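First comes the structure, then the notes that go with it.
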Amino acid sequence: MSQDRPPLALPARPKRAFTRDEDGGILVFWALFLAVAFGFAALTFDIGRVANTQSELQSFADQVALAAAGELDGRSGAITRATAAANGLISRSQTFGDGGAMMSGQGAYTLTFLSALPADDRDPATATTTDPTRARFVQVSVNQRNVQTPFAAINATLVGRAGANAQAQVGATAVAGAAAYACDITPLFFCIPSGWSASANTGQQILLRTGGKEPKNKDDEQDRTKAFWQPGNFGFLDPASLDVDPDGACSNQSGANLYRCLVGAESAITQCIRTDAGVDTLTGQRQGLARAFNTRFDIYAGALNSQQNNPFYRPAPNVLSDIWEPSSGKASVDAPSLPRDICIEAGTCRFGNNDWDRTGLNSYLALYHNNEWPLQGDPNAQDRPSRDKMTRYDLYLAEIDTARARMNDDWPLTAAGYEGVGLPGNHRDAKTPAQRALLDPARRTIIAAAVDCESDEFTGKSKVTPLEYVRVFMTEPVQEMGGDGNGDILVEVVESVGGVGSGSGAASGIYREVIQLYR
Numbered sequence: 011m012s013q014d015r016p017p018l019a020l021p022a023r024p025k026r027a028f029t030r031d032e033d034g035g036i037l038v039f040w041a042l043f044l045a046v047a048f049g050f051a052a053l054t055f056d057i058g059r060v061a062n063t064q065s066e067l068q069s070f071a072d073q074v075a076l077a078a079a080g081e082l083d084g085r086s087g088a089i090t091r092a093t094a095a096a097n098g099l100i101s102r103s104q105t106f107g108d109g110g111a112m113m114s115g116q117g118a119y120t121l122t123f124l125s126a127l128p129a130d131d132r133d134p135a136t137a138t139t140t141d142p143t144r145a146r147f148v149q150v151s152v153n154q155r156n157v158q159t160p161f162a163a164i165n166a167t168l169v170g171r172a173g174a175n176a177q178a179q180v181g182a183t184a185v186a187g188a189a190a191y192a193c194d195i196t197p198l199f200f201c202i203p204s205g206w207s208a209s210a211n212t213g214q215q216i217l218l219r220t221g222g223k224e225p226k227n228k229d230d231e232q233d234r235t236k237a238f239w240q241p242g243n244f245g246f247l248d249p250a251s252l253d254v255d256p257d258g259a260c261s262n263q264s265g266a267n268l269y270r271c272l273v274g275a276e277s278a279i280t281q282c283i284r285t286d287a288g289v290d291t292l293t294g295q296r297q298g299l300a301r302a303f304n305t306r307f308d309i310y311a312g313a314l315n316s317q318q319n320n321p322f323y324r325p326a327p328n329v330l331s332d333i334w335e336p337s338s339g340k341a342s343v344d345a346p347s348l349p350r351d352i353c354i355e356a357g358t359c360r361f362g363n364n365d366w367d368r369t370g371l372n373s374y375l376a377l378y379h380n381n382e383w384p385l386q387g388d389p390n391a392q393d394r395p396s397r398d399k400m401t402r403y404d405l406y407l408a409e410i411d412t413a414r415a416r417m418n419d420d421w422p423l424t425a426a427g428y429e430g431v432g433l434p435g436n437h438r439d440a441k442t443p444a445q446r447a448l449l450d451p452a453r454r455t456i457i458a459a460a461v462d463c464e465s466d467e468f469t470g471k472s473k474v475t476p477l478e479y480v481r482v483f484m485t486e487p488v489q490e491m492g493g494d495g496n497g498d499i500l501v502e503v504v505e506s507v508g509g510v511g512s513g514s515g516a517a518s519g520i521y522r523e524v525i526q527l528y529r
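Under my numbering, the residue at position 461 of the sequence shown is numbered 471, and the numbers go up by one with no gaps.
Shown next as structure tokens:
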């Protein structure tokens, strides 16, 4: 019979040994690590919800600001159009904020229009405006959203703060603006009729006449009337606002010489000027500038006589006009120039109606080109418009192309007794036909600022926002009147190169609109 064995007893462990026992100690560190890791995971989850919402609201604010800024062109109605663009063009969704998921329309944000921004981005923008002609920036403040943070709520409960606010408020702001730049322009502006645009009047001839003088007393109505500006008047931009080419012909000029240089030299201005905030104009008359314009026609007189051999003042490759020096050495105006618009020839209009003297055109073509159109030998004849739709600028370019194809010094000389008709004389760096081929056809074009003088009152030095910049073609030399070196300028509209609301411009980036975020 077996005997029952007593149960095994564990050996007693002294208290001192227990305190030194390290078995299972790693569990303490794991517990601490898991608590911290869980806390970080919870924090990341909550922060991620907040950050994601803030990113969505900021993207919405940026897009609304850019859409609104694109309409801030300095014209009346700019604020109305900017508000409509913001309300109607942009909508975005948000994920974690309270309220609806879609963000759109004026109920989702507040628009504030500004005329200027402080130099320091840390300073608040306070230059608010309701004037559409002064609004250059828009600030968008998106309504704040509450984002729930569930793990923050759990943490609050664990630390005895159950019921504490476990949500974050998220908002966003953005500031955008529009800036307009004009590049390589002539320092000239002219007044246009209400509603006029270059694109709708290509080929139209304009008689530009020196504008009114500055009134002696701006408060005197009669004196102000004498200084009235009307469509067809022209004046000049203040050279102080222009970036003159430091390596060009005008780098060391000042006063009247600077004006003559800016008007008469080629590529005198190579930098872009900002025009959206207005350009400074000088509405007084400037003597002697007719002669500066005429360097394009190989005509050098007065103070410009010394520039005949200066390559900065070289003429256009085609200088055909009705002002010549025939072989006798006496001036003559017998040879016909490019015909004028009929109403301008009759003296009944300043802006032509694109109905130019086709009889005069026939006489011109008969004298110089055997009454042919397209011109015989024109390498681009297939691209020319028909005879009844051609412009004077079309004819000018066709003469250049044909002359270069023929490489004939005297072309298109057909009028007996005249020398150098068409191509400029043996001046400067154009002594051979090959060198003359390098002359720029654009030399006889001018890029001028078109201004609504009826809404913008000119009384002396003014600041005005041009409606557009227009490339015009000088159809004939400026004939001096009154002995002061001034005269009328006859031009033909070639194209618009850009203007308010036109984006980056129509011609080689001459006019550029830049819409950008500032804050």
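Even for Gly, the Cβ is constructed at its ideal location relative to N, Cα and C. Bear in mind the structure is a predicted one, so any value in this text is a computation, not a measurement.
What number of angstroms, rounded off, separates the C-alpha of S261 from the C-alpha of P487?
26 Å
Taking the Cβ atom as the reference point for each residue, do F303 and A259 lie within a distance shorter than 9 Å?
no
Compute the Euclidean distance between the alpha carbons of R582 and D398, then round it to the nearest angstrom.
Here the chain comprises residues numbered 11 to 529, so residue 582 is not present and cannot be evaluated.
Suppose contacts are defined by Cβ-Cβ distances below 9 Å. Is V152 in contact with A71 by that definition?
Going by C-beta atoms, V152 is nearer than 9 Å to A71.
Apart from the five residues just before and just after N380, which ones in its own chain have a Cβ nearer than 6 Å to its Cβ?
none
Measuring CB atoms only, is the stretch 79-95 touching the stretch 134-150, in the sense that at least three cross pairs come out at less than 8 Å?
yes
For the beta strand (DSSP E) that contains C193, what are its first and last residues?
Q177 to C193
Where do the N-terminal and C-terminal ends of the beta strand (DSSP E) with Y479 fall, by residue?
E478 to M484
Determine the direct distance from the alpha carbon of F200 to that of V474, and round the result to whole angstroms.
Rounded to whole angstroms, V474 and F200 show a C-alpha spacing of 12 Å.
If we ignore side chains and look at the alpha-carbon of each, how far apart do G115 and V180 end up?
19 Å
So, helix, strand or coil for E464, using DSSP?
coil
I202 by DSSP, collapsed to three states: which one?
Residue state, collapsed to three classes: coil.
If you measure between the beta carbons of G401 and G213, is that distance less than 9 Å?
Correcting the residue identity first, residue 401 is Thr in this sequence and not Gly. Contact flag set, yes.
Going by the CB atoms, is the gap between A459 and V289 shorter than 9 Å?
Going by beta carbons, V289 and A459 fall inside the 9 Å limit.
Return the CA-CA distance between D133 and R146, expressed in angstroms with no decimal places.
Approximately 18 Å, taken between the alpha carbons.
Per-residue DSSP class, three states only, for G58
G58: helix per DSSP, three-state reduction.
On the DSSP letters alone, give me the boundaries of the alpha helix (DSSP H) that E523 sits inside.
Counting along the chain, E523 falls outside any alpha helix (DSSP H), though it belongs to the beta strand (DSSP E) covering Y521 to L527.
What is the DSSP secondary structure of S209, counted as helix, strand or coil?
The DSSP-derived three-state label of S209 is coil.
Close-in-space but distant-in-sequence residues of the same chain around T412 (CB under 7 Å, 5 per side omitted):
L385, G387 and D388
Buried or exposed: which applies to N97, given that a residue is buried once 16 or more other Cβ atoms fall within 10 Å of its Cβ?
buried
Answer with buried or exposed for A137, where buried requires no fewer than 16 other C-beta atoms within 10 angstroms of its C-beta.
exposed
G265 versus A208 - alpha carbon distance:
32 Å
Is the distance from the Cβ of V501 to the Cβ of N211 below 9 Å?
no
Relative to the C-alpha of R102, which residue among Q64, Y521 and N315 is closest?
Q64
Starting from V273, follow the alpha helix (DSSP H) in both directions and report where the run begins and ends.
G265 to G274
Would you say D72 faces chain C, with C-beta separation under 9 Å as the test?
Considering every chain present, this structure includes no chain C. It has just one protein chain.
Residues bridged to F147 by DSSP?
L124 and G187
For A184 versus Q318, is the C-beta spacing smaller than 9 Å?
no
Helix, strand or coil: which one does DSSP assign to S506?
strand
Alpha carbon to alpha carbon, how far is A376 from L99?
Rounded to the nearest whole angstrom, the C-alpha separation of A376 and L99 is 58 Å.
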